[in-house]
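> Residue numbers (the working numbering), protein chains in the order written: chain E, 1 to 440; chain A, 441 to 880; chain L, 881 to 1320; chain F, 1321 to 1760.
Here a beta-carbon is modelled for each residue, glycine too, at the ideal position from N, C-alpha and C.
Number of protein chains: 4
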Amino acid sequence: MATDFFADIPTIRYEGPDSENELAYRFYDKNRVVLGKTMEEHLRFAACFWHTFCWPGSDVFGGGTFNRPWHAGANDSASAAQKREVAFDFFSKLDIPYYCFHDVDVMADAQGVAEHRRYFAEAVDHLEKLQASSGRKLLWGTANLFSHPRFAAGGATNPDPEVYAFGAMQVRDALEATHRLGGANYVLWGGREGYETLLNTNMKRELDNLGRFLSLVVEHKHKIGFNGTILIEPKPHEPTKHQYDFDTATVYGFLKAYGLENEVKVNIEANHATLAGHTFEHEIATAGALGIFGSIDANRGDHQNGWDTDQFPNSVEELTLAVLEIIRAGGFTTGGFNFDAKVRRQSMDAVDLFHGHVGGIDVVAKGLLNAAALIEDGRLDAIKSERYAGWDGAFGQQIGGLDLAGIADLAEQKAIDPKPRSGRQERIENIVNRIVHSGK
Amino acid sequence: MATDFFADIPTIRYEGPDSENELAYRFYDKNRVVLGKTMEEHLRFAACFWHTFCWPGSDVFGGGTFNRPWHAGANDSASAAQKREVAFDFFSKLDIPYYCFHDVDVMADAQGVAEHRRYFAEAVDHLEKLQASSGRKLLWGTANLFSHPRFAAGGATNPDPEVYAFGAMQVRDALEATHRLGGANYVLWGGREGYETLLNTNMKRELDNLGRFLSLVVEHKHKIGFNGTILIEPKPHEPTKHQYDFDTATVYGFLKAYGLENEVKVNIEANHATLAGHTFEHEIATAGALGIFGSIDANRGDHQNGWDTDQFPNSVEELTLAVLEIIRAGGFTTGGFNFDAKVRRQSMDAVDLFHGHVGGIDVVAKGLLNAAALIEDGRLDAIKSERYAGWDGAFGQQIGGLDLAGIADLAEQKAIDPKPRSGRQERIENIVNRIVHSGK
Amino acid sequence: MATDFFADIPTIRYEGPDSENELAYRFYDKNRVVLGKTMEEHLRFAACFWHTFCWPGSDVFGGGTFNRPWHAGANDSASAAQKREVAFDFFSKLDIPYYCFHDVDVMADAQGVAEHRRYFAEAVDHLEKLQASSGRKLLWGTANLFSHPRFAAGGATNPDPEVYAFGAMQVRDALEATHRLGGANYVLWGGREGYETLLNTNMKRELDNLGRFLSLVVEHKHKIGFNGTILIEPKPHEPTKHQYDFDTATVYGFLKAYGLENEVKVNIEANHATLAGHTFEHEIATAGALGIFGSIDANRGDHQNGWDTDQFPNSVEELTLAVLEIIRAGGFTTGGFNFDAKVRRQSMDAVDLFHGHVGGIDVVAKGLLNAAALIEDGRLDAIKSERYAGWDGAFGQQIGGLDLAGIADLAEQKAIDPKPRSGRQERIENIVNRIVHSGK
Amino acid sequence: MATDFFADIPTIRYEGPDSENELAYRFYDKNRVVLGKTMEEHLRFAACFWHTFCWPGSDVFGGGTFNRPWHAGANDSASAAQKREVAFDFFSKLDIPYYCFHDVDVMADAQGVAEHRRYFAEAVDHLEKLQASSGRKLLWGTANLFSHPRFAAGGATNPDPEVYAFGAMQVRDALEATHRLGGANYVLWGGREGYETLLNTNMKRELDNLGRFLSLVVEHKHKIGFNGTILIEPKPHEPTKHQYDFDTATVYGFLKAYGLENEVKVNIEANHATLAGHTFEHEIATAGALGIFGSIDANRGDHQNGWDTDQFPNSVEELTLAVLEIIRAGGFTTGGFNFDAKVRRQSMDAVDLFHGHVGGIDVVAKGLLNAAALIEDGRLDAIKSERYAGWDGAFGQQIGGLDLAGIADLAEQKAIDPKPRSGRQERIENIVNRIVHSGK
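(1) Give me whichever residues DSSP pairs with A:H881 in a beta bridge.
(2) In chain order, what residues of the same chain have a beta carbon less than 8 Å from the beta carbon of A:H722, not counting five sequence neighbours either side?
(3) Kindly list, in the order they appear in chain L, the residues whose Cβ is closer than 9 Å to that of F:R1707.
(4) For the segment 1721-1749 of chain F, list every residue whose C-beta sits within 9 Å of some C-beta in chain A, in sequence order.
(5) Assuming L:D1053 and L:F1000 are in contact, meaning their beta carbons sit under 8 Å apart, how far apart are those beta carbons, in whole angstroms?
(6) Kindly list the residues whose CB is nearer than 6 Å to the CB of A:T641, restricted to its own chain and excluding five residues on each side of it in sequence; keep chain order.
(7) Contact check, A:D687 vs A:H718 under 8 Å by CB: the rounded distance?
(8) Can you tell me which of the three DSSP states F:M1321 falls into?
(9) Let's see if you can read the secondary structure: which residues bound the beta strand (DSSP E) around F:V1507?
(10) Would you kindly report the start and end of the unbroken beta strand (DSSP E) that includes E:E269?
(11) Please name the residue or residues paired with E:Q398 in a DSSP beta bridge.
(12) Over the uninterrupted beta strand (DSSP E) stretch that includes A:D737, give me the two end residues.
(13) Going by DSSP, what residues sit across from L:D939 in a beta bridge?
(14) Less than 8 Å separating the beta-carbons of L:Q1123 and L:K1136?
(15) Within 8 Å of any Cβ in chain E, is that where the Cβ of A:E636 sits?
(16) Per DSSP, which one or two residues make a beta bridge with E:Y195?
(17) If you draw a straight line from the C-alpha of A:T680 to the C-alpha of A:G631, how long is it?
(18) Could you name the residues of chain F that E:V317 contacts, counting a contact when the two beta carbons are closer than 9 Å?
(19) Strictly below 9 Å CB to CB, what residues from chain E border L:P1119?
(20) Can you find at least 3 beta carbon pairs, one from the segment 371-391 of chain E and one from the segment 562-570 of chain A, that sit closer than 8 Å?
(21) Does F:Q1733 pass the burial test, meaning 16 or more other C-beta atoms within 10 Å, or should it be called exposed?
(22) Would the beta-carbon of F:A1609 fall within 8 Å of that of F:L1644?
(23) Could you compute how far the alpha carbon of E:F101 sits from the alpha carbon of F:R1620?
(24) Can you pull the chain L neighbours of A:P457, defined as C-beta to C-beta under 9 Å?
(25) For F:R1754, I'd like the list of residues in its chain whose CB is within less than 8 Å of its CB, leaving aside the five on either flank, ordered along the chain.
(26) Count the other C-beta atoms from every protein chain shown that fall within 10 angstroms of the C-beta of A:A518, then say buried if there are 16 or more, exposed otherwise.
(27) Just to confirm my understanding: we take L:L1155, look at its own chain, exclude 5 residues before and 5 after, and list those with CB closer than 6 Å. What are they?
(28) Which of the three DSSP states, helix, strand or coil, is assigned to F:T1654?
(29) Look up E:C48 in the DSSP assignment and give the residues it is bridged to.
(30) Counting only runs of 4+ residues fully inside the segment 1219-1258 of chain L, write out the alpha helix (DSSP H) ranges in chain order.
(31) Note the first and the last residue of the continuous alpha helix (DSSP H) segment covering A:I883.
(32) On the DSSP bridge list, what partners appear for E:Q311?
(33) Can the beta-carbon of A:L615 be found closer than 8 Å to that of A:Y626?
(34) Which residues, taken in chain order from the segment 643-658 of chain A, show a beta carbon closer than 7 Å to some beta carbon of chain E?
(35) Starting from L:L1204, trace the alpha helix (DSSP H) in both directions and tell me its first and last residue.
(36) For F:F1533, I'd like the list of residues in its chain whose CB is within less than 6 Å of its CB, leaving aside the five on either flank, ordered along the chain.
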């Protein structure tokens, strides 16, 4: 199966922190056991088709810089097949277990429903073979309901029911393909499920259409026997002015409104978290607290740039906090770390794709090692337990059984006069830093 | 009752658009009927105690500039009484029907539970008399669970149950006082209900404590027969790093999680909306779509400054869109427009308080006139109806009865190939501008 | 010359505020005299090639929706000619005096230097004829040093001197073409003159290269006898992580560093101002205070979206403040209001281009009428003069002649104890609103 | 001299990375030689009076939580003296060489000029003794021209010349005190040198007043023989809507406008950098490129909160990049790392002040070690040199001697067709991470 696009690149292997090989893992030792599971089982890495194999290196202000062979002409069946083969070479050379795709990422450009179905089926057949020959697995599939001009005003929230129906066709097929390919999850990212201006938008109608669409997807999942998880990926805006799946808390409310909170979880993207005004770890912790943590799209934004830069994660400090919250949320079940990240437009060489992924994988892996060390150290947990200890004590238990007036009366009877206590934030931050930067 | 603090200021009256009197209303004609109700009934204006009578004109980088007589010494019973009297002079001179307060705004500084209850009761007695003599009414009351050092780590989400109990005492008393004073609503703003760092925070425990607190408040409301509305005021952060009531959609999810979505609504503040990454009108439209629109805290932020500037609303264009969404959400029932706005620190003269409120009231009033004109014009509604017309047509109705596979199959049978249609955003924005700026 | 692309659209005329014609001006009466000049002379409107005729309606997440006839195949000489003809029809139908272009906007796609020069020359010949036949004039020309992949790392700041040389060729030709076409200004927007990461950037070397490039352009301007103004267009970032021409104050420092502050002015874009953390009017006022105000790129951003949305201006309130600062900066000499604005991706019909421009023109025109009314009203100027009156009084004059110790000693001798005075911000904002919304 | 406020805290010592003592340095080994200088000489740490000893733990939404003994009553001479003594105990126990202060931080509250001068002189006498007995030195002094109500509309930019004169008195005295105390620098932070609304502001007049004020300060410095550096501290806004010293590039333009670019440098604060839309390292690199790098105010902001949180630096990754740029800018001469950072309002115990500073010092120290390792590794410099190598080659040198037309002609003659080359951003970021996280 091997193509020659990455002929110069060896399979990436773990060589340990002392290695001077820039194309080796220093921290990602897939068989190393951490907190009772191998790193591979903990992190469940995936690479994606869209940024890594479809995007030509263009941006709003300029054309593609990448010049991949499969970008040379039309995206026909031959080009799509070449792209799929190169992609599987890549997944294999990274030696990570999973990959992810949108329907249109893997297939030839199609006109209309019939052609779409035919080209997609052709692609899925090939993917099935590539999976078998490479041993790589599908973390999740999804359908692209935002790139084609017909989706300019959204997919499931489109004012035109024909667009909704076109989207339903794509999602049905992508969900069934995901099932056939043994995918662990199916994702819905509402790229244009939002609005450009409230002035021409019927928000209630659009939300109800979106809620019904999701209900139909869940129903179909059960009908076909797909056991993977349905995931929604929150994002606050871009390309739309406002996207309905703004953040994890918003998605939770949406799921509750349509009775889907036990059926659907979230796929949290770091850059989407920061665009929504949150830290990455906040979104994970929120999903954990609400019981809807699912999977991760690993990348980072730029704190000075207000758009989705989708850079590779490069902060071990940040990933330490993120992985810590993932572990506290119970870790991944069906989810994993998918690199929804793209090399810079100036990084046009094939080797740059490896630099991006190898660096990102090691950043996440070191984050896991640090998070595990923090948990094993125990000080953070001890400080937190002590901080809330009053709720487990007599007074805390007592007020747990009283109504508002009862608690108020008790406060008066006891003439309570509670004093603030130090939250020890600086001490805690030092503990984290010491684990991260000197292991103590 | 009249004090002499505002002796030089006459009662503010409607004088029409041609008036050259800077202390007169040009648009707020309280008896003018618009869309079937008087402007007074539509807008239900209130002024607040905290910014207007308690805040001394300080900021993080400097001390108070205002030098009100009641700020001269300690905030004892006499000072508090003077402040209350001046405030009611102000409400009367503005000729608006409502006011709002936190418990600590209207009372002398207290040490401990017993003193708090005594001083607050003393203040409520006085407020009752002032209401009767002035004819002013209470839009909403609330309890301040964020200023005293004991609330440094929150009120209902405090790690210390004694602080929770102290807060319960305050809320019980403030809710009962609101009931006694005939208040139309009771508000909970979670000033410090959030976290400074996730590292010392048990988010699930805090959310559950907050949910239970709110449930107790609702239960107590029913027990005492209070018919007003319980309102939560969303804010994303400040003073905390993250506040749990981030925005309207988040509050909705929170209410659903604790089964309170039919009991509690939102008090939307313009500046909190923009801090959360939303427009003011977005938050109103969201509340309308979710069925939890309650009341408004009228102010504005500064788009270049990332904190709560709480300036007076001064954009008629913005208020036109906001009032339009209020009307579409059904208008106020118990809610109203409360000026949670403060004059600038450099605006230290008594007359500046009038400039701020008179200008703000007229901005909102002109917004109402414009919104009504847009509704009466009908073009916006017509464009929107036409945009979604497909959902009311045969195809839209047909897919309403099908499952995912049924819709997908239909799409294939019909070989649908929907084309994007213009959303006409620029045309619509022109219509709004022409109504706002030339009445056509 | 007329093409049939806009066959259904009549020439846009002034019909006054009472017109119900959506494709008529209500405020832009080009012959109306305001503050001693006609509105046409004040505002000097231009439309642009790039957003209006070159952009296909694509964004980062989806392809073009516009399907203009000249987008159907390759951008060859015939397509480019068709585009130029349609554009001039548009400028004529809007009845505005000016247009603007980048070299690559108006020409066929070229490979290499020779072809670039040949196709550009061909386009300029045609533009010259179109100007003559239509009576439209060139507000400014520019060269695009950011879209072609060769400019991925910048033009004048590129690490590769060959790219710098390619850019020099383009700028030389575009400047000479602008001169030949009677252009009033020549613009440099440093689209990729910045960095993606400091880690691979020699900032000092890049700034020096950029400074020298600008010096060469100024020198060439004088050599060829071009009397127009050289303009730099500030922008803080996007597509780059950081752009060297961050904002007006930064550009001023850059000009001073290379001795060009009397040779170059700024072309201020509203959306770039807000991306830089400033108001539009701030950037104009700063340019006025520093003596480098040149021209305007009229558009607006979205305060909730952190990228360059380039929407049409639609806030009369904002434009009132902006035009007020333009007048205070002396008004335009060679500059004008160029619509660097694009209709939304969903506004794909030809008529939407007219809705965008007609609305934008009227918003600016009403802003001018309001600004003139504020100046004629005189209250704002009077308040400001009074506020600084002390500096014109005895004490202000006295300290103007003393050194630091002299002033300090005087303060001590006079035992001065200055009190803060109200800045009357709310009163002033009310005056503005009353002029804007009721003319008083 | 020792007070008993910090009686329980030992002097903080270097114990190395393996220490389990939370109140020890793990990386800050003051005598360790790095790149030819000791760490103490490189970093020149200082602690500040204002956040650490003056601020009571208040914020906009609540009162002080700290209850330091010297906050108990009025800030009279005795309280001020106690505060000074405790502060010097602190500086000594941290074992850092420097401290910083505003005039009002160290003195009793004063009414009017005479009292101000008397109380300040009293404080300076005491500081001189404390310096002698403790061996601590003054990194910089400054005058507070923003907290007192008289400065509500600014100091040097105040519309009232008496306020300007009052400020001149304070600055004269503070500069002379700094000189007498052997201070290494004198800082001007323009806390309210900006505007709240352009509508009442004469920007040109204010800038000229500010420029003259700075000129007078420079003149006075020379007159009294002060050899330290005059520093301006950029900040974009807060408390003002806009501060004139927005960022480093803006300050540079301001200095050039008043001919002071060789007399004044910048004191860069991390949190001010991010509020201005820049990274911390960007501001340092810019100052280095422009030749005005002076000193550092070490702290951090919160990327999700839009105000000056002034937290302790806790990102080694960020400080690595910052220190790298400091070294590239030539390192400190008179400047140093001053902790303009405050513990959280919930961190009310004395020990929290140590956790904050010890952690911050170690973060900066580890950043220095990492930066030195990156420089010694050499790969970053090699990549950068190679990237710009063309400018040192024949073509680069050739175009260095040509004018615009000459370069354009050369491009044509040579038919150049430069291809973009990879900027290797991901590879470079990996190199940094490997040095930071595994030393390779």
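Reading off the structure:
(1) What is shown of chain A runs 441 to 880, which leaves residue 881 of chain A out entirely.
(2) To locate residue 722 of chain A, count along the second sequence from 1; it is residue 282. So the qualifying residues of the chain are A713.
(3) Translated into the one-based positions of the fourth sequence, residue 1707 of chain F becomes position 387. Those within 9 Å of F:R1707 in chain L are A1033, P1039, D1040, N1080, T1081, N1082.
(4) none
(5) By 1-based counting over the third sequence, the position of residue 1053 of chain L is 173. By 1-based counting over the third sequence, the position of residue 1000 of chain L is 120. For a cut-off of 8 Å, the C-beta gap from L:D1053 to L:F1000 is around 6 Å, short enough to register as a contact.
(6) The residue labelled residue 641 of chain A in the question sits at position 201 within the second sequence. Taken in chain order, the residues that qualify are Y635.
(7) For the purposes of this step, residue 687 of chain A is taken as residue 247 along the second sequence, with counting starting at 1. For the purposes of this step, residue 718 of chain A is taken as residue 278 along the second sequence, with counting starting at 1. With a Cβ gap of about 6 Å, A:D687 and A:H718 count as contacting.
(8) The residue labelled residue 1321 of chain F in the question sits at position 1 within the fourth sequence. Low confidence applies to F:M1321: its pLDDT is 46, below 50, so where it sits in the model is not reliable, and the reading given next is rough at best. Residue state for F:M1321 is assigned as coil, using DSSP reduced to three classes.
(9) Here residue 1507 of chain F refers to the residue found at position 187 of the fourth sequence. That run of the beta strand (DSSP E) goes 1505-1509.
(10) Position 269 of the first sequence holds residue 269 of chain E. 264-269 is the span of the beta strand (DSSP E), which, as asked, contains E:E269.
(11) Position 398 of the first sequence, counted from the first residue, corresponds to residue 398 of chain E. Looking at the DSSP assignment, E:Q398 forms no beta bridge with any residue, so it has no partner.
(12) Translated into positions along the second sequence, residue 737 of chain A becomes position 297. Unbroken beta strand (DSSP E) run through A:D737: 733-738.
(13) For the purposes of this step, residue 939 of chain L is taken as residue 59 along the third sequence, with counting starting at 1. Answer is L:G942.
(14) Within the third sequence, residue 1123 of chain L is the residue found at index 243, counting from 1. Within the third sequence, residue 1136 of chain L is the residue found at index 256, counting from 1. Between L:Q1123 and L:K1136, the C-beta gap is not smaller than 8 Å, which leaves the two residues out of contact.
(15) Position 196 of the second sequence, counted from the first residue, corresponds to residue 636 of chain A. Yes, its Cβ sits closer than 8 Å to a Cβ of chain E.
(16) Within the first sequence, numbered from 1, the residue matching residue 195 of chain E stands at position 195. The partner list for E:Y195 (beta bridge, DSSP) reads E:H242.
(17) Looking up residue 680 of chain A in the second sequence gives position 240. Looking up residue 631 of chain A in the second sequence gives position 191. Approximately 8 Å between the Cα atoms of the pair.
(18) Within the first sequence, numbered from 1, the residue matching residue 317 of chain E stands at position 317. Checking the sequence shown, residue 317 of chain E turns out to be Glu, not Val. Those are N1634, S1635, V1636, E1637, E1638, listed as they occur along chain F.
(19) For the purposes of this step, residue 1119 of chain L is taken as residue 239 along the third sequence, with counting starting at 1. Result: D59, V60, F61, G62, R345.
(20) no
(21) What you label residue 1733 of chain F is simply residue 413 of the fourth sequence in a count that begins at 1. Classification for F:Q1733: exposed.
(22) Position 289 of the fourth sequence, counting from 1, holds the residue named residue 1609 of chain F. Position 324 of the fourth sequence, counting from 1, holds the residue named residue 1644 of chain F. For F:A1609 and F:L1644, no; Cβs fall outside 8 Å.
(23) Taking the first sequence and counting its residues from 1, one reaches residue 101 of chain E at position 101. Taking the fourth sequence and counting its residues from 1, one reaches residue 1620 of chain F at position 300. The straight-line gap from Cα to Cα measures roughly 39 Å.
(24) One-based indexing of the second sequence puts residue 457 of chain A at position 17. R1314, H1317, S1318, G1319, K1320, listed in chain order.
(25) As a working note, residue 1754 of chain F is residue 434 in the fourth sequence. Here the set comprises K1760.
(26) For the purposes of this step, residue 518 of chain A is taken as residue 78 along the second sequence, with counting starting at 1. So A:A518 counts as exposed.
(27) Stepping through the third sequence from its first residue, residue 1155 of chain L is reached at position 275. Around L:L1155: P1116.
(28) On the fourth sequence, residue 1654 of chain F is found 334 positions in, with the first residue counted as 1. Assignment of F:T1654 by DSSP, reduced to helix, strand and coil, places it in the coil class.
(29) One-based indexing of the first sequence puts residue 48 of chain E at position 48. The partner list for E:C48 (beta bridge, DSSP) reads E:C100.
(30) 1230-1257
(31) This structure does not reach residue 883 of chain A, given that chain A is present from 441 up to 880, and the question cannot be answered.
(32) Residue mapping note: residue 311 of chain E aligns to position 311 of the first sequence, counting from 1. According to DSSP, which records beta bridges pairwise, E:Q311 is partnered with E:R300.
(33) Mapped onto the second sequence, residue 615 of chain A falls at position 175. Mapped onto the second sequence, residue 626 of chain A falls at position 186. In this structure, A:L615 places its C-beta atom within 8 Å of the C-beta atom of A:Y626.
(34) M643, K644, R645, L647, L656, V657
(35) In the third sequence, residue 1204 of chain L corresponds to position 324, counting from 1. Residues 1196-1208.
(36) Locating residue 1533 of chain F in the fourth sequence gives position 213, where the first residue counts as 1. Hits under 6 Å: A1476.
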